[in-house]
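Chemist:
Below you can see the structure in the form of structure tokens.
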């Protein structure tokens, strides 16, 4: 059983409060001192002081930049109760992040499948929150077997995903993730099809190989068809499955 039982910020399909004493609330305001004002689902309100907002992206005094605090407004964040002074609740998001990082460095295992939410997408990959605002990176080549030109062809910001831990730097807590490892093996995908079937596919890699064109049948299953002029990357085509070779893990297609 996994000891990594954290959830990404904004995760709504699980009861966050039942795990590790972590609470989740909505940031309603960032005041002039860049403290975050949050409201819990039960209506309780509290403050995350600026120095308790971040554990990683901070200056030498442990203070996060103002724009980082402002960027949390109207978003869900996770935190732990720091102190209670009468009706005033003081929370710490930093404590959650430190707890997640500690588990990442000590207990999280490579190959483990965990939950995530896509927080940002760049040309080279997707940054995915795996718990408390701690993010890992899934490079574009780890999003699917079929080669794509943009991570946006696989994921979108805010998407809930299952993700596999590819590698971990135990010293700094940096995590590499794989989305394609959750999409099934070649055999698992190939078993969904049979010779003689007519299916739709997506054109991939037309520029590099003039002897044939690679066609995505599923994100983790690619076949090859004879090259034709005028085929464009990303275009959907109808294809006929001519041959499935389980030994060589190859599929021969005919564009209809």
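Residue numbers (this note's numbering): 11 to 266. The beta carbon of each residue, even a glycine, is placed where N, CA and C say it ideally should be.
Please specify which runs of the beta strand (DSSP E), each continuous and at least 3 residues long, are wholly inside the region 147-188, giving them in chain order.
Modeler: Counting whole runs of 3 or more residues, the region 147-188 contains the beta strand (DSSP E) stretches 170-178 and 185-188.
Chemist: By a C-beta neighbour count over all protein chains shown, 10 Å radius and 16 as the cutoff for buried, is residue 83 buried or exposed?
Modeler: With fewer than 16 other Cβ atoms within 10 Å, it is exposed.
Chemist: Suppose the cutoff is 8 Å on Cβ atoms and the five residues either side in sequence are ignored; what does the same chain contact list for residue 48 look like?
Modeler: Result list for residue 48: 35, 36, 37, 38, 55, 56, 57, 58, 87, 89 and 101, in chain order.
Chemist: CB-CB under 6 Å to residue 250, same chain, minus the five flanking residues each way: which ones, in chain order?
Modeler: Here the set comprises 208, 264 and 266.
Chemist: Since residue 112 is in the alpha helix (DSSP H), which residue starts that stretch and which ends it?
Modeler: Residues 103-116.
Chemist: Figure out for me which residue from 244, 125 and 199 has the closest Cα to the Cα of residue 159.
Modeler: Of 244, 125 and 199, the residue nearest in Cα terms is 244.
Chemist: For residue 201, which of 140, 254 and 161 has the nearest alpha-carbon?
Modeler: Among 140, 254 and 161, the Cα nearest to that of residue 201 is on 254.
Chemist: With burial defined as no fewer than 16 other Cβ atoms inside 10 Å of the residue's Cβ, what is the status of residue 136: buried or exposed?
Modeler: Buried, since its Cβ has 16 or more Cβ neighbours within 10 Å.
Chemist: From residue 99 to residue 194, what distance separates their C-alpha atoms?
Modeler: When rounded, the distance between both Cα atoms is 46 Å.
Chemist: Could you pull out every residue in the same chain whose Cβ sits closer than 6 Å to the Cβ of residue 261, ignoring the five residues on either side in sequence?
Modeler: Result list for residue 261: 233 and 254, in chain order.
Chemist: Three Cβ pairs or more, each shorter than 8 Å: is that satisfied between the region 156-171 and the region 121-130?
Modeler: Contact between the region 156-171 and the region 121-130 is present, because at least three Cβ pairs lie under 8 Å.
Chemist: What residue does the beta strand (DSSP E) around residue 200 start on, and which one ends it?
Modeler: Here residue 200 belongs to no beta strand (DSSP E); instead the alpha helix (DSSP H) covers 196-200.
Chemist: Can you check which of these residues, 214, 252, 16 and 197, is closest to residue 259 by C-alpha distance?
Modeler: If we check each option's Cα against that of residue 259, 197 comes out closest.
Chemist: Report the option in 52, 103 and 121 whose CA atom is closest to the CA atom of residue 14.
Modeler: Among 52, 103 and 121, the Cα nearest to that of residue 14 belongs to 121.
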